[in-house]
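J.: Residue -19 is where the sequence shown starts when you use the working numbering, and the numbers rise one by one after that.
Here a beta-carbon is modelled for each residue, glycine too, at the ideal position from N, C-alpha and C.
Predicted model, so just to flag it, every value in this text is computed and none were measured.
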Amino acid sequence: MDLISIVQESGDLDGTIISRVRLELLWALAELGEDGATARQLKAGLNLSDGVLYSNLKKLEGLGYVRCEHVTIEGKALELFSITPDGLAEWMKVRGWLCKLLECGGETCERP
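Quick look at the structure:
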């Protein structure tokens, strides 16, 4: 596939998620599946500040790609974030496009 075709495919993607932080969040939450992660876990795992983490999670939540559930674990009220089916579908689309762009095999990309 040539570069022009790959660039044209980008028109099918939701451009609002094309940022390093949002892609990292979707990637992490896709890997974690239905169990999701707390804000504290995401902050530590992705090395993000509270402001950057929450502003990007809220944006993804507003787009319907992430959901937030309030849970109590060991007596502590926490926010548990997980990817929605729409979020997973969009992540897979973006991931496939990025892999084509990077020439690492599209949907079967094993590149970290």
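Straight-line CA distance for Ser(-1) to Lys39?
T.: Their Cα atoms are separated by approximately 12 Å.
J.: For Leu58, which residues does DSSP report across the bridge?
T.: According to DSSP, which records beta bridges pairwise, Leu58 is partnered with Val51.
J.: Let me make sure I understand the geometry here. Which of Gly44, Tyr45 and Ser62 has the alpha-carbon closest to that of Val51?
T.: Residue Ser62 is the option with its Cα nearest to Val51.
J.: Tell me, please, whether the segment 11 to 21 touches the segment 72 to 81 by the rule of three or more beta-carbon pairs shorter than 8 Å.
T.: Output reads no: the segment 72 to 81 does not touch the segment 11 to 21.
J.: Which term fits Arg20, buried or exposed, when burial requires 16 or more other beta carbons within 10 angstroms of its beta carbon?
T.: It is exposed - the Cβ of Arg20 has fewer than 16 other Cβ atoms within 10 Å.
J.: How close, in whole Å, do the beta carbons of Thr64 and Val46 come, if the pair is a contact with beta carbons under 8 Å?
T.: Confirmed, Cβ separation roughly 7 Å.
J.: Who are the near neighbours of Gly44 in its chain, counting only those whose CB is closer than 8 Å to its CB and skipping five residues on each side?
T.: Taken in chain order, the residues that qualify are Thr64, Asp66 and Gly67.
J.: When the Cα atoms are used, what is the spatial distance from Gly86 to Asp30?
T.: The pLDDT assigned to Gly86 is 47, lower than 50, so where the model puts this residue is not dependable; a value taken from the coordinates is nonetheless given after this. The straight-line gap from Cα to Cα measures roughly 33 Å.
J.: For Asn36, count neighbouring C-beta atoms within 10 Å of its own C-beta (all shown protein chains included) and say buried if the count is 16 or more, exposed if not.
T.: Buried: at least 16 other Cβ atoms inside 10 Å.
J.: Could you compute how far the alpha carbon of Leu28 sits from the alpha carbon of Leu22?
T.: Cα-Cα distance, rounded: 8 Å.
J.: What residues in its chain sit with their C-beta under 7 Å from that of Glu4, if we drop five residues either side in the sequence?
T.: The residues are Leu26.
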